[in-house]
Every structure is written in C-alpha cells, then in structure tokens.
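If you read the sequence shown in the numbering used here, its first letter stands for residue 539, the second for the next number, and so on.
Just so you know, even glycine gets a beta-carbon here, dropped at the ideal spot from N, CA and C.
Everything numeric in this text was worked out from a predicted model, so none of it was measured.
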Amino acid sequence: MNKIMTLVCSLVLGTCLLANEKELIKSTLNEATVYSQGAQLHHKASYTIKAGITEISIEGISSYIDPKSLQVKATGNVVIIDSKYTLFYPQPEVKANEGIPAKIVKEMAQLRDSLELLGFDLEEIQDEIAIYKAAQNIISMNGAVRGSGKVNDSINLLKQTVEYYTNKMNEINKKLLALEKKKKDKEKVQQRLQVRYDNLQNYQNQTYDAKKYAPIPRVVITLSAAEAASGKIAFSYLVSQAGWIPLYDIRSDSQTGKISLTYKAQVFQNSGIDWDNIKLNISTNNPYANKTKPELNPWYIDYYAYKRKMELEEISIRGARAIPQAAFNQGFMLDDAKDKNLEEKPALGADQFTTVVHQLIAAEFKIDLPYSIKSNNEKNLVLIKNSDLNTTFKYYSVPKMDPGVYLVAQMTKLDELQLVPASANIFFDGSYIGETYLDPTSMDDTLNLSLGKDPNIVVKRTLLKQKSKDKVVQDKRERTFSYQIEVQNNKSSAIQLIIQDQVPMTTNNDITIELLEKDFARELPGNGILEWEYKLKPGENKKLEFSFKVKHPKDQQINL
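Spelled out as structure tokens, the structure:
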C-alpha cells in the first residue's frame, strides 16, 4: 500500500513540475503589412522545450497590440494549447541599508539631530511670541486705555496711561519683530537641512530607471509536447498606431509625349518598436472600416399629420472630395521632336521590386526590399509603383471664359492601377507646375489633366452685331445673338482641338430659347453646351458661327 501511495505522489509531483515549466524568449520583427489605418506586424522566434506542458513568454512586441487579432503558428512536434497577450511588471531591486556609505549614514544622523534641535528652538520662539502677543492684548483691552475707567476725570492719570501704553507697546513690538526675524532665519536653516536630509535618504533610489521598470508586453503561448522538442514560432497581430498616406507624381515629357504616374506611400508608425530591415507590404485595405453591409427596413409613408418620425442611418463614404477639373498653371508647349542624344542607363527604382497582389476587396503591394522605419510617427516615403499611362493629348478652348488654348492629357484605364483617392503633384520636363486630385471612385474611366496654355494657338470670340437683333413682337421681346469663333494654329505641327461654347437654358415656361445655327456643333445633352472638334494643320485658320434666339415677355427683364 505504501508503494502505491509513493508512486501516485511521484506521478502527481512530476505532472505539477511539468505543468509549471516556463520559458522566456525574444522575438524578431521580420514583416509588416501597413494598411491605410493600422498595420499587421509579423514576428518569429525559436523555442526549445522539454516534454510536458510549457508556457513560453515572448518579448519584443508592441504594447499597442490588439489582442483580438493575435494569430500564432508553430513548427515542431508540439500542440498549441493557448495563446494570449499580457503585461509583465518588473519589480525594482530593494537595496539593503548596508549599501549606503558610512559617511552618508553619519551625515544623516547629524542632520536628524540638528533638525530636532531646530524644532525645539522654533517651538521656544513661538511660545515667546505668543506671550508677547497676549501681553499686547491685555494692555489694549485695559479699561484705562479704552477710556472706560476714571482716567477721563484726571489729566495727569491720562498722561501717565498714554505714556505707559506707548512705551510698553513699542517695547513689545520690537521684541516681537526680533523674534519673528529669528524664527524666519531658523526656518530657512531647517528647510535647507531638510532638503539635504531628504536627498541623502533617497540615495538608494537615485539610480532608479523608470524605463527599466516599465511594463513589458508579452505574448504567452502554451505548448504541449510528448517529448523534448524545438522549432519556430510565427505570430502576427494588429496595431492601430501606423498607416500610410497615398501620394502621386504625374510626370509629362514633351520629347516623348508620354505621361508616367509614380505611386508613392508616406508610411508612418508609432508602435513603440522600431522596424529594422523588415519586409514591407502596403495594402489598400482598412481593417477598422465597417465590414457589415447595410440593410434596408420597410419604408412606410402616410399623411403628414400622422407621419411618424423614423431614424434612418446615414451611409457616408469618407475621403470623397470634389475633384478639380484641371490644374491651370504656367503654360508650355508640347514638343513632338524626339531627343536623338544617347542617354545613360537609368538606375533601378524601388518600384521594380514591387509585386501587386489583387485581393477580393483590396490590393496589396509586396515590396521585395528591406525597409527600416523608426517608431517616431514621421512620414517615410516608399515608392510603390511607376506606370506609363495610356494618354492622348488634345487642345481645349472655352473662349467665352478664357481666350487661351489649353493642352489637356486624357489618361485612361486608371482602374487597373489599384489607386486610392489622393493628391497628385504635376511635373512637366522635371519642373513642378501644380497639383490636382485623383479619385478613382468617381466612376469616370478617363482623367483629364490640364497641362497649361499654349501661346502658339490663338482663339478669338466675337459678337456679330449685324446678325444680332432685338425686337418686340406683340407682347413678346425677341433677342437674337450671333457669335463667330476664329482659331489660328501657329504651330509647326497639326493639332486636335476641341472648342466649347454654350446657349442659355431655362425652366420658365414664359421664356423660349431656340438654337438657330450651330455650324455642325455637337450638343451635349442637358447643359446647353456646344462642342466642335477639328484637326488643324500647321498655320491653318478656322472660323465657325453659332446663333440663338431668346423670346420672353416684354415687360420682364432676364439675366442675359
């Protein structure tokens, strides 16, 4: 029976020992996937454990970890039982009194004695001050001094009382002033000695390092092994203190007639750990955005008097902005001539190491170059991609608004580049000429980018007074407007030119508008815009005319 009990106790004790096995290891950050908000950090570590259940604590992680996002994998003949995030609080070392030098101990004893004596002196001074103040009060409250006794009946007695009061009060005041000065001097000495004593008393804590004893974030993984095992642990988690801001450079080259788009990311992070030589991925996904699709509820209507107020949830798309039609900046000309000079072979760009992974609802750019990003929230520029755009160049003119002719680049198939809404810097032949905004969510597959005026194309808009009329017919006033637009191509090459003008529109049934002549213009539906498109040879001159008539009640003024 005793042998059986001994065996059972041994098994229980062995099991307890195995269950209490703990290991502490360091992890290495090797990869980060940066989202528009937040980042997923990937760590790896090596382990070696004994048979049984072992609790492995892993350090070197961010304190801003989202515990719900923790994912753990491991290699080796082990079973992952549990994984969790915790904070470890280091305890400062308590130094024994023997660690204080004898000289300091002796000085502290002397200071304690001096402070004790000063306390007695101050108490004695305070007692004397109280006695003299009581004497002052007694003299002041005496009936003779207050005029309530027989002193009023005798001039000599009054003189004696005044003389006594004056002399005695002066004497007491001088003593009180001396005592107050003595008290203040001793209090200064006491304060100085107390500061010195406090500094000596805190001597053993002077080397305390708050950072050294700050809480340490850990990932704790519990493994079970039938026998001793070793392997690798890979785990990842999400942090919110990181992100990236898109930025584009649109570069136009007059010699080649091409436009390229440089896709860049301004990456920042303040996760509490530096990212040193890690593999960096840029994702257009936002893990913090709402992932639940909206649901429509029945919509009941009734007469206004019985209408019930219903709270409807507004669904808004953040980040949407109005897109400028064009960036009107300094003008330049598109030169069709080719540079025949040989150029040196350009250096490789970081974009040539980027692989695009198309996901169901986002795109991820895997950059095959090591990056180091400090945990200081500063923006670090990362080149994602450089693409030549499908571009056609056309000239546009709206002479009613501006007599200039603008060179416009029309870029298509932007949806294939996995862009997100962001600002874009515009460069022409290496010179910065302005800024625009790219929004691929606008449902338009063509981006019109104005590159500025071309002074070698002249457009003139003239009102033809002979064909313009103003007359009254019965109760109506009829006004006819006729315009001529003349364009001159002074360039040495042919151009594709689009000219736009307009006729007025109205929603008033008393006003009628009739387009009389449009000279083969194309009418854009719904806005009254007329558009002509011509291909002009070098030196060619072109004239076109259009006219319209407006009829309205003669006693009404309209805004023409």
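Residue i to residue j span [Cα, whole Å]
{"i": "ASP992", "j": "LYS802", "result": "30 Å"}
{"i": "LEU761", "j": "GLY614", "result": "11 Å"}
{"i": "VAL805", "j": "ILE922", "result": "11 Å"}
{"i": "ASP791", "j": "SER1085", "result": "40 Å"}
{"i": "LEU987", "j": "ARG1015", "result": "43 Å"}
{"i": "ASN675", "j": "LYS726", "result": "29 Å"}
{"i": "ILE618", "j": "ASN823", "result": "30 Å"}
{"i": "PRO1091", "j": "ASP1008", "result": "13 Å"}
{"i": "ASP953", "j": "ASP983", "result": "7 Å"}
{"i": "VAL610", "j": "ALA901", "result": "24 Å"}
{"i": "ASN924", "j": "LEU1082", "result": "43 Å"}
{"i": "GLN578", "j": "LEU776", "result": "4 Å"}
{"i": "ASN819", "j": "TYR841", "result": "57 Å"}
{"i": "ASN708", "j": "GLU701", "result": "11 Å"}
{"i": "GLN1095", "j": "VAL943", "result": "34 Å"}
{"i": "ARG846", "j": "TYR838", "result": "Note that ARG846 scores a pLDDT of 45, beneath 50, so its modelled location is shaky; the value from the coordinates is reported in the next line. Approximately 9 Å, taken between the alpha carbons."}
{"i": "ILE596", "j": "ILE783", "result": "32 Å"}
{"i": "GLN728", "j": "TYR670", "result": "24 Å"}
{"i": "SER1031", "j": "TYR1072", "result": "14 Å"}
{"i": "ARG789", "j": "THR930", "result": "14 Å"}
{"i": "GLN1040", "j": "LYS932", "result": "20 Å"}
{"i": "VAL758", "j": "ILE563", "result": "10 Å"}
{"i": "PRO825", "j": "LEU1001", "result": "59 Å"}
{"i": "ILE667", "j": "VAL733", "result": "27 Å"}
{"i": "ASN914", "j": "GLN629", "result": "28 Å"}
{"i": "LEU656", "j": "GLU645", "result": "16 Å"}
Nonlocal neighbours in the same chain, by C-beta distance under 8 Å from residue i, ignoring five residues either side
{"i": "TYR786", "result": "LEU799, THR800, TYR801, LYS802, LEU957, ALA960, SER961, ALA962, ASN963, LEU976"}
{"i": "THR566", "result": "HIS581, LYS582, ALA583, GLY598"}
{"i": "SER910", "result": "ASP812, TRP813, ASP814, ASN815, ILE816"}
{"i": "LYS588", "result": "LEU556, GLU559, ALA763, ALA766"}
{"i": "PRO1042", "result": "ILE1051, GLY1066, PHE1086, VAL1088, LEU1098"}
{"i": "ARG1060", "result": "LEU1068, GLU1069, TRP1070, GLU1071"}
Assigned exposure category for residue i - 16 Cβ within 10 Å defines buried
{"i": "SER678", "result": "exposed"}
{"i": "PRO941", "result": "exposed"}
{"i": "ASP926", "result": "exposed"}
{"i": "ALA612", "result": "buried"}
{"i": "MET539", "result": "Interpretation of MET539 is limited by its pLDDT of 48, a score under 50 that renders its predicted location unreliable; the figure taken from the coordinates is listed afterwards. It is exposed - the Cβ of MET539 has fewer than 16 other Cβ atoms within 10 Å."}
{"i": "ASN1079", "result": "exposed"}
{"i": "TYR627", "result": "exposed"}
{"i": "PHE658", "result": "exposed"}
{"i": "LEU945", "result": "buried"}
{"i": "PHE966", "result": "buried"}
{"i": "ASN1027", "result": "buried"}
{"i": "TYR751", "result": "exposed"}
{"i": "GLN1004", "result": "exposed"}
{"i": "ARG650", "result": "exposed"}
Start-to-end residues for the alpha helix (DSSP H) that takes in residue i
{"i": "TYR735", "result": "693-739"}
{"i": "ASP651", "result": "640-679"}
Residues of its chain near residue i, where Cβ-Cβ distance is below 7 Å and the 5 sequence neighbours each way are ignored
{"i": "LYS1056", "result": "LEU1068, PHE1084"}
{"i": "ASN928", "result": "MET949, THR950, LYS951"}
{"i": "THR1045", "result": "none"}
{"i": "LYS706", "result": "ILE677"}
{"i": "ALA673", "result": "ILE710"}
{"i": "ARG999", "result": "PRO937, LYS938, TYR1021, ILE1023"}
Residue i Cβ short of 8 Å to the ligand PLP heavy atom set
{"i": "GLU1016", "result": "Judged by which ligands are present, the structure shown has none, so any question about the ligand PLP falls away."}
Residue range of the unbroken beta strand (DSSP E) whose run includes residue i
{"i": "SER1031", "result": "Note, SER1031: premise wrong, no beta strand (DSSP E); not H, not E."}
{"i": "VAL610", "result": "603-612"}
{"i": "GLU1071", "result": "1067-1074"}
{"i": "TRP837", "result": "No beta strand (DSSP E) contains TRP837, which DSSP labels as neither H nor E."}
{"i": "PRO825", "result": "Premise fails: PRO825 is in no beta strand (DSSP E) and is neither H nor E."}
{"i": "MET949", "result": "943-950"}
{"i": "ILE797", "result": "796-807"}
{"i": "TYR623", "result": "617-626"}
{"i": "THR566", "result": "566-572"}
{"i": "ILE911", "result": "901-911"}
{"i": "GLU954", "result": "Premise fails: GLU954 is in no beta strand (DSSP E) and is neither H nor E."}
{"i": "PRO755", "result": "754-763"}
{"i": "PRO784", "result": "780-791"}
{"i": "GLY972", "result": "969-976"}
{"i": "PHE773", "result": "767-777"}
{"i": "GLU597", "result": "590-597"}
{"i": "VAL1041", "result": "Here VAL1041 belongs to no beta strand (DSSP E), and DSSP marks it neither H nor E."}
{"i": "GLN1095", "result": "First-last for GLN1095: undefined, no H or E at that position."}
Nonlocal neighbours in the same chain, by C-beta distance under 6 Å from residue i, ignoring five residues either side
{"i": "ASN828", "result": "none"}
{"i": "SER607", "result": "TYR775, LEU776"}
{"i": "PRO605", "result": "TYR623"}
{"i": "PRO908", "result": "ASN815"}
Three or more C-beta pairs below 8 Å linking the region 711-723 and the region 615-624: no
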